[in-house]
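**Student:** Got a structure for you, questions after.
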Amino acid sequence: MMIKRFLGKSVTEAMNMVKNELGENAVILHTKRIKSNNIFKFWEKEQVEILAAHEGKQQERPKQKSDHHKAVKQDFKSRIFEADDQVGVTKKDYNSIENEVSNIKDMVAEIKKTLSGSPAIGESGQIAAKTLKDEITASLRKKGFSQELIDKFIKSVSEKNEITVDNFKQLFREYLQSELSSEYEAFEFKNKINVFIGPTGVGKTTTLAKLASNCVLNESKKVGFLTLDTYRIAAVEQLKIYSEILNMPLEVAYNTSSIKESLENLSDSDIILVDTAGRSHRNKMHMKEIRRFLDSIPEKDIFLVISANYNIEDISDIVDEYNFIDDFNIIITKLDETSKQAVVMNVLHKYKRKISHITFGQNVPDDISGLVVSDFIEKVLKE
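Heads up: the sequence shown is residues 78 to 460, going by the working numbering.
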């Protein structure tokens, strides 16, 4: 059996080398890409290594040399036996060596038998395609893209194009742009009352302060704060500080019956921003409480605030629990705290809901912006 290693710039090139040198009946032992520890990056070129085998027949040696070879073999044995006194090798030892050689031959025969079930050249295209798919998946998963998004991309693109190492980044960009992009519209509050909900610790109160500062400083609007978060003294105190700095009124509602009165006290405001207590979406009692609060507030826009530190599975659980709300915007916070900013793409792809803002720091009124999807796609792909 002849085993040889081939290197090419692509699977096709390496396969052609195998076919040209070993023929159609060559057996592919393995196929892999080699360059660095990270076997697949958008911006790097790799080589494809193929280890192939061919069970070729030994060339028949010229007949006139057979006697000479026999003589050499006999002379070789004689010399071994003559050296017995010098190195301690006996005829028995020599026979043992021959037995070992025989055993090795048996092992080779067994390996050949095992390899007989290995894929031949004709199946190599399917193997290469599977390998490329696995590498694409691993690379995109490392960037934070969800398995669901990756699977849909591969299925969608494979029906129209052949995915290669060289073109898949562009195909992925085009897929994201077609699935997610919409013309950017500068954000503005459409309703007077705007309610912010979400789990605890996602940065709702800080986000409210950033939005309020922008309305007051950049749009010269009168803004009022209403907080329902009476569970945390720090939350009320935090909003109180911002309301004093921005010269804004602040109302605190301790139950649903006091919400109406608080809203009436803020009736002179152009915009009312309502802060709610962080609530676990897994706690049914907490979710019922959120429903009661929302039902007691008329004509409002709702913003679900989610941290970028959550994985897509946790985000899915949260969004699904809030699906009792017909319409809501999403704000994704703390993008500065994660290296996998593709979470934004995952949310857009799965839910088709508008992401009104993203935040990326604690600075007020800075570190918040609207989401320009096309720009964000480029940012994520260049990381």
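Even for Gly, the Cβ is constructed at its ideal location relative to N, Cα and C.
1) Roughly how many whole angstroms lie between the Cα atoms of A354 and I274?
2) Between the Cα of N342 and the Cα atoms of V300, M362, D378 and K377, which residue gives the shortest distance?
3) Which residues in the same chain have their Cβ closer than 7 angstroms to the Cβ of T333, if we skip the five residues on either side of it in sequence?
4) Considering only residues of the stretch 370 to 450, which uninterrupted alpha helix (DSSP H) runs meet the minimum length of 4 residues and lie entirely inside it, listed in chain order?
5) If you draw a straight line from the C-alpha of D228 to the C-alpha of I127, how long is it?
6) Any contact of the stretch 439 to 452 with the stretch 380 to 396, i.e. 3+ C-beta pairs under 8 angstroms?
7) Could you have a look at F302 and say whether DSSP puts it in helix, strand or coil?
8) Once the 5 residues before and after I348 are set aside, which same chain residues still bring their CB inside 6 angstroms of it?
9) Given a cut-off of 9 angstroms, decide if T214 and T410 are closer than it, judged by their beta-carbon atoms.
10) Do you know offhand how far L412's Cα is from Q439's?
11) If you reduce the DSSP assignment to three classes, tell me which class D211 lands in.
12) Quick one: give me the first and last residue of the alpha helix (DSSP H) that V234 is part of.
13) The alpha helix (DSSP H) that contains I240, what's its start and end?
14) Leaving out five residues before and five after Q254 in sequence, what residues of the same chain have Cβ atoms less than 7 angstroms from its Cβ?
15) Since V329 is in the beta strand (DSSP E), which residue starts that stretch and which ends it?
16) Between the Cα of A103 and those of I111, K109, F83 and R110, spot the shortest distance and give me the residue it belongs to.
17) Assign L257 to buried or exposed, taking buried as 16 or more other Cβ atoms, counted over all protein chains shown, within 10 Å of its Cβ.
18) Could you give the distance in angstroms between the alpha-carbon of N93 and the alpha-carbon of A129?
19) If contacts are defined as beta-carbon pairs under 8 angstroms, then I383 and I395 qualify, I think. What distance do you get, rounded to the angstrom?
20) Kindly identify the DSSP beta-bridge partner or partners of Q124.
21) Are L288 and A330 closer than 9 angstroms when you measure CB to CB?
22) Have a look at Y252 and F230 and give me their C-alpha separation to the nearest angstrom.
23) On a CA-only basis, which of E321, K81 and L316 is nearest H107? Give me that one, please.
24) Which of helix, strand or coil does DSSP assign to N271?
25) What are the partner residues of M79, as DSSP defines its beta bridges?
26) In terms of DSSP beta bridges, what is L84 paired with?
**Tutor:** In short, the structure shows the following:
1) Mapped onto the sequence shown, residue 354 falls at position 277. Mapped onto the sequence shown, residue 274 falls at position 197. Looking at the two C-alpha atoms, the distance is approximately 8 angstroms.
2) Counting from one through the sequence shown, the residue named residue 342 turns up at place 265. Minimum Cα distance to N342 is reached at V300.
3) Translated into positions along the sequence shown, residue 333 becomes position 256. Here T333 has R369, F370 and S373 as same chain residues with Cβ atoms under 7 angstroms from its own Cβ, once five neighbours each way along the sequence are excluded.
4) 389 to 398 and 420 to 428
5) On the sequence shown, position 151 is the one that residue 228 refers to. On the sequence shown, position 50 is the one that residue 127 refers to. So the two alpha carbons sit approximately 27 angstroms from each other.
6) no
7) The residue you call residue 302 lines up with position 225 of the sequence shown. It is a strand residue.
8) Locating residue 348 in the sequence shown gives position 271, counting from the first residue. Within the same chain, I348 has close Cβ partners F266, C292, K298 and V300.
9) For this step, residue 410 is matched to residue 333 along the sequence shown. For this step, residue 214 is matched to residue 137 along the sequence shown. No, the Cβ-Cβ distance between T410 and T214 is not below 9 angstroms.
10) Within the sequence shown, the letter at position 335 stands for residue 412. Within the sequence shown, the letter at position 362 stands for residue 439. Straight-line Cα distance between these residues: approximately 11 angstroms.
11) For this step, residue 211 is matched to residue 134 along the sequence shown. Note: D211 maps to helix in three-state DSSP.
12) Looking up residue 234 in the sequence shown gives position 157. Q224 to S235 is the span of the alpha helix (DSSP H), which, as asked, contains V234.
13) What you label residue 240 is simply residue 163 of the sequence shown in a count that begins at 1. Element bounds for I240: n/a, residue is neither H nor E.
14) Locating residue 254 in the sequence shown gives position 177, where the first residue counts as 1. Correct list, in chain order: S451 and I454.
15) Residue 329 sits at position 252 when you count from the first residue of the sequence shown. Its beta strand (DSSP E) spans residues L327 to V329.
16) What you label residue 103 is simply residue 26 of the sequence shown in a count that begins at 1. Considering only alpha carbons, the answer is F83.
17) As a working note, residue 257 is residue 180 in the sequence shown. Under this definition L257 is a buried residue.
18) Within the sequence shown, the letter at position 16 stands for residue 93. Within the sequence shown, the letter at position 52 stands for residue 129. So the two alpha carbons sit approximately 12 angstroms from each other.
19) The count along the sequence shown starts at 1 and reaches residue 383 at position 306. The count along the sequence shown starts at 1 and reaches residue 395 at position 318. Right, their Cβ atoms sit about 6 angstroms apart.
20) Along the sequence shown, one-based indexing puts residue 124 at 47. Q124 is bridged to I111.
21) Mapped onto the sequence shown, residue 288 falls at position 211. Mapped onto the sequence shown, residue 330 falls at position 253. Note that the C-beta distance between L288 and A330 is not below 9 angstroms.
22) Along the sequence shown, one-based indexing puts residue 252 at 175. Along the sequence shown, one-based indexing puts residue 230 at 153. Each residue's alpha carbon lies about 7 angstroms from the other.
23) Translated into positions along the sequence shown, residue 107 becomes position 30. The shortest Cα separation from H107 among E321, K81 and L316 belongs to K81.
24) Counting from one through the sequence shown, the residue named residue 271 turns up at place 194. DSSP places N271 in strand when its eight states are reduced to three.
25) Walking along the sequence shown from the start, residue 79 turns up at place 2. M79 pairs with H131.
26) On the sequence shown, residue 84 is found 7 positions in, with the first residue counted as 1. Answer by DSSP bridge pairing, in chain order: E126.
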